[in-house]
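There are 2 protein chains.
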Amino acid sequence: MPYFASLPLNELRHLAERCTVRRLGRGEALFEEGEPCRGLLVIADGRVEVRQISLRGREQVFHTDGPGAALGEGPLFDGGGYIASAVALAPTQALFVPRAEVLQLCQRRPAVALAMLRTLARRVRHFAAIVSDLAFRPVAERLARHLEAAVARPIKRGAGIELTLTQAQLAARLGTVRELVARAFSQLEERGVISRERSRVIIRDPARLTALARGDEDAW
Amino acid sequence: MPYFASLPLNELRHLAERCTVRRLGRGEALFEEGEPCRGLLVIADGRVEVRQISLRGREQVFHTDGPGAALGEGPLFDGGGYIASAVALAPTQALFVPRAEVLQLCQRRPAVALAMLRTLARRVRHFAAIVSDLAFRPVAERLARHLEAAVARPIKRGAGIELTLTQAQLAARLGTVRELVARAFSQLEERGVISRERSRVIIRDPARLTALARGDEDAW
DNA sequence: AAGGCCGTGTGACCTAGGTCACAGAACCGG
DNA sequence: CCGGTTCTGTGACCTAGGTCACACGGCCTT
Chain A
86 MPYFASLPLN ELRHLAERCT VRRLGRGEAL FEEGEPCRGL LVIADGRVEV RQISLRGREQ
146 VFHTDGPGAA LGEGPLFDGG GYIASAVALA PTQALFVPRA EVLQLCQRRP AVALAMLRTL
206 ARRVRHFAAI VSDLAFRPVA ERLARHLEAA VARPIKRGAG IELTLTQAQL AARLGTVREL
266 VARAFSQLEE RGVISRERSR VIIRDPARLT ALARGDEDAW
Chain B
86 MPYFASLPLN ELRHLAERCT VRRLGRGEAL FEEGEPCRGL LVIADGRVEV RQISLRGREQ
146 VFHTDGPGAA LGEGPLFDGG GYIASAVALA PTQALFVPRA EVLQLCQRRP AVALAMLRTL
206 ARRVRHFAAI VSDLAFRPVA ERLARHLEAA VARPIKRGAG IELTLTQAQL AARLGTVREL
266 VARAFSQLEE RGVISRERSR VIIRDPARLT ALARGDEDAW
């Protein structure tokens with residue numbers, strides 16, 4: 086766990102004494118948007134999706150995190166309520182570290198504070214990327230970006246991606262609806278950028294894929 | 086300046102020796118998206134707009150900051166390039182603090198690290214709000230939100246807002262185009278939520294304004 | 001094997017958002 | 001006070017994105 090990796094044994098022991106464990110089944114919520122934040126949650130095992138739901142019922146996924154990640158640094162440090170809801174995608178165990186404990190630790194151990202600054206910084210970057218996707222890119226390009234990010238580097242012709250998400254889940258990540266994801270897939274396929282068989286996507290034209298992911302509209 | 090408010094005089098002196106000053110005229114860039122980040126910028130005076138521009142030429146403003154604010158914490162801590170470009174809206178002076186200096190300070194003075202955690206946390210919250218605006222809200226509601234945020238609390242009938250931005254600038258903040266902002270204004274006016282005279286907006290129906298800002302579509 | 005429940009593909013439609021063009025108002029510098 | 005630039009309002013369009021409905025194919029359970 087990156088935040089606490091730098092700590093000596095006695096600190097860790099101290100910390101462990103003050104943590105509690107929470108176990109969640111698939112679909113259960115770790116916290117809900119708006120709820121006050123009493124501490125930091127560290128995922129020990131499983132997978133959690135952080136997302137908002139609009140009054141109209143649309144869902145926007147902000148990020149998903151697995152073992153080692155922490156959730157809720159935002160509200161922890163600015164004192165507000167949770168920004169979004171977190172639900173388990175699979176059976177999950179999470180450690181709860183009380184707020185005061187985290188704050189003291191940041192005082193006492195600068196390395197911890199720096200580690201948190203780093204992840205918060207990454208989160209800012211990630212959010213900025215979502216904003217520019219939503220503001221600037223058509224959904225087919227967002228899909229291209231997603232595929233490009235999912236494929237192993239270096240990207241070469243014929244490389245395959247195993248889809249782990251349903252189209253509905255993908256849609257919530259891309260900020261759109263299921264049907265448009267289906268059409269975007271067809272579009273990429275028609276133009277020869279990818280091909281598909283069952284839940285596997287094959288990259289046919291890596292150069293064009295990266296161009297589209299960059300937002301280069303000439304690549305169509 | 087909140088980050089360094091806690092520092093004793095000798096630390097401040099030490100810091101001051103290592104800072105450099107940058108002066109910018111209106112429209113000049115403090116940094117550009119993608120550029121590597123060598124330190125923290127603290128606005129001493131003026132006003133700076135942080136934004137991205139798409140290949141198609143659309144602009145999305147992430148935030149604007151005035152005296153006392155710092156820019157570039159994101160790239161500073163995660164080591165990447167600048168996430169967006171920053172341009173001066175007015176003649177501006179900014180202090181440049183070299184990266185190593187900031188990092189050492191965070192190690193030495195936990196209060197500095199905590200202050201930065203707080204502002205980074207706020208930034209995350211702010212970005213999340215932009216994402217949900219773009220993903221969920223029609224532009225008239227985004228405008229309602231903007232007005233609601235700009236008016237003095239408690240919001241009462243007849244309260245006035247002096248518009249400091251042109252509609253084009255507003256559009257870039259709301260993630261849309263000038264014409265739609267103009268129409269959104271007319272829409273709010275027709276429905277009796279606001280009225281306008283020159284660059285002044287008067288709140289006619291505060292309850293409805295907040296309802297719209299919340300995204301309650303029944304309020305139309 | 002049959003029935004159910006996903007997940008997927010697609011056609012028909014609707015609507016918000018965006019583009020283009022232009023006219024009038026406000027504003028500014030000489 | 002004039003001539004320009006900048007800002008604003010609006011009508012006519014176009015298009016991406018979103019909704020609805022429905023059919024098809026798996027896959028799991030009974």
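Top to bottom, those sequences are chains A and B. To convert, take the position in the first sequence, counting from 1, and add 85; that gives the working numbering. To convert, take the position in the second sequence, counting from 1, and add 85; that gives the working numbering. No residue lacks a Cβ here, since even glycine has one placed at the ideal position from N, Cα and C.
Residue i burial status per 10 Å Cβ neighbour count (16 or more: buried)
i, result
"threonine 261 of chain B", "buried"
"aspartate 301 of chain B", "exposed"
"alanine 169 of chain A", "buried"
"glycine 159 of chain A", "buried"
"aspartate 130 of chain A", "exposed"
"arginine 108 of chain A", "exposed"
"aspartate 163 of chain B", "buried"
"glutamine 189 of chain A", "exposed"
"glycine 153 of chain B", "exposed"
"leucine 94 of chain A", "exposed"
Inter-residue Cα distance where the pair is residue i and residue j
i, j, result
"glutamate 282 of chain A", "glutamate 113 of chain B", "51 Å"
"aspartate 150 of chain B", "arginine 123 of chain B", "20 Å"
"alanine 173 of chain A", "serine 280 of chain B", "47 Å"
"glutamate 102 of chain B", "glutamate 186 of chain B", "11 Å"
"proline 85 of chain A", "arginine 203 of chain B", "Residue numbering for chain A in the displayed model covers 86 to 305; residue 85 of chain A lies beyond these limits and cannot be assessed."
"arginine 141 of chain A", "alanine 269 of chain B", "20 Å"
"proline 121 of chain B", "arginine 263 of chain B", "32 Å"
"proline 291 of chain A", "serine 271 of chain A", "17 Å"
"glutamine 137 of chain B", "arginine 210 of chain A", "12 Å"
"arginine 276 of chain A", "arginine 222 of chain A", "18 Å"
"isoleucine 287 of chain A", "valine 278 of chain A", "9 Å"
"glycine 110 of chain B", "alanine 206 of chain B", "30 Å"
"arginine 299 of chain B", "glutamate 274 of chain A", "40 Å"
"alanine 237 of chain B", "arginine 289 of chain A", "57 Å"
"histidine 99 of chain A", "leucine 92 of chain A", "11 Å"
"aspartate 303 of chain B", "alanine 220 of chain B", "19 Å"
"glycine 165 of chain A", "glycine 119 of chain A", "8 Å"
"alanine 296 of chain A", "leucine 297 of chain B", "39 Å"
DSSP beta-bridge partners of residue i
i, result
"glutamine 178 of chain B", "B/Arg108 and B/Asp130"
"aspartate 303 of chain A", "BP columns for aspartate 303 of chain A are empty, so no partner."
"proline 121 of chain B", "B/Gly166"
"leucine 205 of chain A", "Paired residue(s): none; leucine 205 of chain A is not in a bridge."
"aspartate 218 of chain B", "BP columns for aspartate 218 of chain B are empty, so no partner."
"glutamate 282 of chain A", "A/Arg285"
"valine 135 of chain A", "A/His148 and A/Ala171"
"isoleucine 246 of chain A", "A/Val286"
"proline 183 of chain B", "B/Gly124"
"alanine 292 of chain B", "According to DSSP, alanine 292 of chain B bridges with nothing at all."
"phenylalanine 116 of chain A", "A/Ala171"
"leucine 329 of chain A", "Because chain A here runs from 86 to 305, residue 329 of chain A falls outside it and cannot be looked at."
Residue-level contact to chain B via CB, residue i, 8 Å cutoff
i, result
"isoleucine 215 of chain A", "yes"
"valine 127 of chain A", "no"
"arginine 208 of chain A", "yes"
"alanine 169 of chain A", "yes"
"leucine 219 of chain A", "yes"
"serine 284 of chain A", "no"
"serine 271 of chain A", "no"
"leucine 248 of chain A", "no"
"cysteine 191 of chain A", "yes"
"proline 195 of chain A", "yes"
"methionine 86 of chain A", "no"
"alanine 198 of chain A", "yes"
"phenylalanine 181 of chain A", "no"
"glutamine 137 of chain A", "yes"
"glycine 124 of chain A", "no"
Other residues of its chain near residue i: CB distance less than 6 Å, five sequence neighbours each side excluded
i, result
"leucine 255 of chain A", "Val266"
"alanine 198 of chain B", "Cys191"
"phenylalanine 116 of chain A", "Tyr167 and Ala171"
Residues of its chain near residue i, where Cβ-Cβ distance is below 8 Å and the 5 sequence neighbours each way are ignored
i, result
"leucine 259 of chain A", "Asp218, Val224, Arg227, Leu228, His231 and Val266"
"arginine 132 of chain A", "Thr149, Asp150, Gly151, Ala173, Leu174, Ala175 and Thr177"
"arginine 285 of chain B", "Gly245, Ile246, Glu247 and Leu248"
"leucine 97 of chain A", "Phe89"
"serine 139 of chain A", "Gln145"
Below-8 Å beta-carbon distance, residue i vs any chain A residue
i, result
"phenylalanine 147 of chain B", "yes"
"arginine 289 of chain B", "no"
"alanine 260 of chain B", "Going by the sequence as given, residue 260 of chain B is glycine instead of alanine. Closer than 8 Å to some Cβ of chain A, the Cβ of glycine 260 of chain B qualifies, so yes."
"aspartate 163 of chain B", "yes"
"aspartate 301 of chain B", "yes"
Own chain, CB closer than 7 Å to residue i, minus 5 neighbours either side, in chain order
i, result
"glutamine 252 of chain B", "Arg263, Val266 and Ala267"
"valine 127 of chain A", "Met86, Ala155, Ala179, Leu180 and Val182"
"tyrosine 88 of chain B", "Ala155, Val197, Ala200 and Met201"
"lysine 241 of chain A", "Pro291"
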